[in-house]
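Just so you know, the protein sequences line up as chains A and B, in that order.
Residue 188 in our numbering sits at position 47 of the first sequence; the count goes up by one each step and never skips.
Residue 504 in our numbering sits at position 367 of the second sequence; the count goes up by one each step and never skips.
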Amino acid sequence: MKYAPELYAEAFIQALDESAGHASRDALVASLLAVIEKNGDNARKVKILNAVRRAFIKKRGGREITIETARVQQHIDLGRYFTKEDEIETRVNPDLVAGLRITIDGERELDTSLHRKLSRMFQ
Amino acid sequence: MNYDIIEKLKKEIEGFKDDPRFEDVGSVVEAGDGIAKISGLRKALSQELLSIETHAGEVFAVAFNLEENFIGAVILGDASSVRVGDRVKRSGRVLSIRIGNEVIGRVVSPLGAPLDAKGVLFEREDRAEEYMLERKAPSVVERESVKTPLHTGVKSIDAMIPIGRGQRELIIGDRQTGKTAIAIDTILNQKQEKGKDRPVCIYVAIGQKDSKIAKIVKVFEEAGALEYTVVVSASASSSASLQYLAPYAGCAIGEYFMDQGRDALVIYDDLSKHADAYRELSLLLRRPPGREAYPGDIFYLHSRLLERAAKLNRENGGGSLTALPIIETKLGDVAAYIPTNVISITDGQIYLESSLFYQGIRPAINVGLSVSRVGSSAQTKAMKKVAGRLRLELAQFRELQAFVQFASDLDEATKKRVDRGALLTEILKQRDREPVSFEQAVVVLYSALNGYVDDIPLEKAKQFETHLVDYLEKRYRAEILDEIQKTGDLSERVEARLKEVIGEAKGIF
């Protein structure tokens, strides 16, 4: 491990900004992948690409929102709580039993699941 | 089904209020060897207790390394159940232990869990107080000088290397030289102290074999010493994190009693293993290794622990915490890294030597290298009066002993001095788990130093000592021994009477 994923992401975004108009986006992505391989960080490729994705969302002023529900939901209307810059991902997590859990940027969470209530009740 | 239980549960369910709100969360990105690397939780505090939600339940960890993007945490529970991706939450609490009077007589883990199958620690939770494992040592203004003796029951220590309440005295020596035996004797000897004077003893076992800890607990139990002793156990089978925390837990227990105005004695057995456990954690956390691969803050690790030993002034309750750390040396090398660190932190050391041990001099204390920097002001007047010459006589004896091996004929004065030295060495020998009260030590040393035992053959010296103590205990307890114990002094009247009694005892020996 030569560099942290966040450093790769930061460097990639800066390179993209500085090369506006000169090099194509696809060429830069290819270069990033080549650098990852050259540094022997191939095993962490997914982590690095996730860090790049997070850096993009942050750059445009958005947040990474993960909404977990216990069962498949046809429609969750939470649009008024988020902006169009936010990236929303929905997941099904049967461990929650019922209710939902919202995580923002992987660092803040609102847990209204029945799993949490039950574990608090029997704590 | 039990109607009461159902009713109770129903009430709990009805009364349950949940108020979900946003909270900080992180996730495990790496786990192994009892260490977890956690992303997120940017606001976590150093030493904060973190809760990891694993598939097997909640596991606690302590935030050790606060880095730019990650937290290096030491897992306190079942490390094998922690997996990458597990959610981690802050607890908002730093590591602490619940302490109350009921902890006396129990064997507990460094996290305060009972290990002796004697049931719950506290019958009522309100009787226990939360004490932080890491706490600031009392400041200069809160302290006063060490002036009350803490008798160990070991004649040579009480006479030449006296320990005061609130002092830090290191016990250092190779393996199998009797370091733990001195510590155990000191605890057993506290039984002779009455009422409030008797300190609460805390024995902290770090990286010791479980069988050895069980044996020590049995010794305490059989001697009735468990009535005033707490054992904190982090045996060799415990994780490095628990071994690292054990002395801090023992210290916190001692502080609880010190804050109540009582005296406490804490024994760290031993800090060499503690340093090894900390080295293990530090290397796993990828902290840079220094000398002997110990991390850079290894001195601070022990200094912040031992600084917490103190004698508080009257305004702060007047309690005290005496610390007896133990260090194991390798081949008598006191100049190694950890021994020199702890020697420089403590207020003196009791140095035990293998060669003395194998010569049959037990406790194998090297009187020349052992020292107590503050204890002499805490020594009782009686002991000071009697033992003042002891160290000097023994030093002269050691010096002459080397020459005597080669000299064929000696002048009378030298011979006398050598004989006296040999006699004193014999008198200072003592068996394990047979602590001698200070008043008994005073009369024995008085008789030996004033030449009353000179005409008794060396091989019968120990026998005479036992005879003299027995004679005094049976016939002159109140007149002589109780008087010395009460006043702490050897008055002219008592001294004159003692001279007569020694003569009497010799007459019937």
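Note that the Cβ used here is the ideal one computed from N, Cα and C, for glycine as well.
task: Give the DSSP bridge partners of F197 (chain B), in chain order.
output: B:S188
- prompt: Does the beta-carbon distance from D407 (chain B) to I463 (chain B) come in below 7 Å?
  reply: yes
task: Taking C-beta pairs closer than 7 Å, name the residues in chain A that E151 (chain B) reaches, listed in chain order.
output: What E151 (chain B) touches in chain A: nothing, since even the nearest Cβ is about 11 Å away.
task: Pull up the CB-CB distance for G222 (chain B) and S164 (chain B), whole angstroms please, since I reckon it's below 8 Å.
output: 6 Å
query: What are the boundary residues of the alpha helix (DSSP H) that F394 (chain B) is part of?
result: 377 to 396
task: Going by DSSP, name the residue or residues bridged to E260 (chain B).
output: Answer is none; E260 (chain B) lacks a bridge partner.
- prompt: Taking Cβ positions only, does T224 (chain A) come closer than 7 Å to chain B?
  reply: It does not: the Cβ of T224 (chain A) has no partner Cβ on chain B nearer than 7 Å.
Where A519 (chain B) sits in the DSSP three-state scheme: helix
- prompt: Is any heavy atom of the ligand MN found at a distance shorter than 6 Å from the C-beta of E610 (chain B)?
  reply: The model on display carries no ligand, and the ligand MN is accordingly not part of it.
message: Between A:R204, A:A156, A:P146, which has its C-alpha nearest A184 (chain A)'s C-alpha?
response: A:P146
query: What residues match up with Y268 (chain B) in a beta bridge as DSSP calls it?
result: B:I234.
Cβ contact check for the segment 344 to 363 of chain B and the segment 419 to 436 of chain B: 3 or more pairs under 8 Å: no
task: Kindly indicate which residue of B:E151, B:Y415, B:K316, B:Q542 has the alpha-carbon position closest to the one of I172 (chain B).
output: B:Y415
- prompt: Is there at least one Cβ from chain A nearer than 7 Å to N202 (chain B)'s Cβ?
  reply: no
- prompt: Exposed or buried, what is P594 (chain B) when buried is set at 16 or more other beta-carbons lying within 10 Å of its beta-carbon?
  reply: Label assigned to P594 (chain B): exposed.
query: Would you call the segment 464 to 474 of chain B and the segment 306 to 316 of chain B in contact, with 3 or more CB pairs under 8 Å?
result: yes
- prompt: Is it a yes or a no for the segment 327 to 336 of chain B touching the segment 345 to 353 of chain B, going by three-plus beta-carbon pairs under 8 Å?
  reply: no
- prompt: Whose C-beta lies closer than 8 Å to the C-beta of A196 (chain A) among residues of the same chain, with five residues either side of it excluded?
  reply: Excluding sequence neighbours, A196 (chain A) sits near E147, A150, E151, F153, I154.
- prompt: Which of the residues in the segment 220 to 254 of chain A, read from start to end, lie with their CB under 7 Å from any CB of chain B?
  reply: T244, G247, E248, R249, E250, L251, D252, T253
Coarse secondary structure for G332 (chain B), derived from DSSP in three states: helix
field: Boundaries (first-last residue) of the beta strand (DSSP E) holding Q486 (chain B)
entry: Residues 485 to 489.
message: Taking the straight line between their C-alpha atoms, what separation do you get for E443 (chain B) and A360 (chain B)?
response: Before going further, note that residue 443 (chain B) is Leu rather than Glu in the sequence given. Distance between the alpha carbons of L443 (chain B) and A360 (chain B) is about 28 Å.
query: Alpha carbon to alpha carbon, what distance is there between R335 (chain B) and L635 (chain B)?
result: Those two C-alpha atoms are separated by around 28 Å.
task: Alpha carbon to alpha carbon, how far is A164 (chain A) from R232 (chain A)? Give it in angstroms, no decimals.
output: 36 Å
task: Taking C-beta pairs closer than 9 Å, name the residues in chain B that R261 (chain A) reaches, listed in chain order.
output: F153, D155
message: Judging by CA-CA distance, which residue of B:A377, B:R441, B:G433, B:D396 is the nearest neighbour of K410 (chain B)?
response: B:A377
message: Strictly below 7 Å CB to CB, what residues from chain A border S164 (chain B)?
response: G247
- prompt: Do the segment 479 to 487 of chain B and the segment 544 to 563 of chain B touch if we need at least three Cβ pairs shorter than 8 Å?
  reply: no
message: Against chain B, with Cβ distances strictly below 7 Å, would K143 (chain A) count as a contact?
response: no
query: When Cβ atoms are compared, which residues of the segment 166 to 179 of chain B fall closer than 8 Å to chain A?
result: S176, G177, L178, R179
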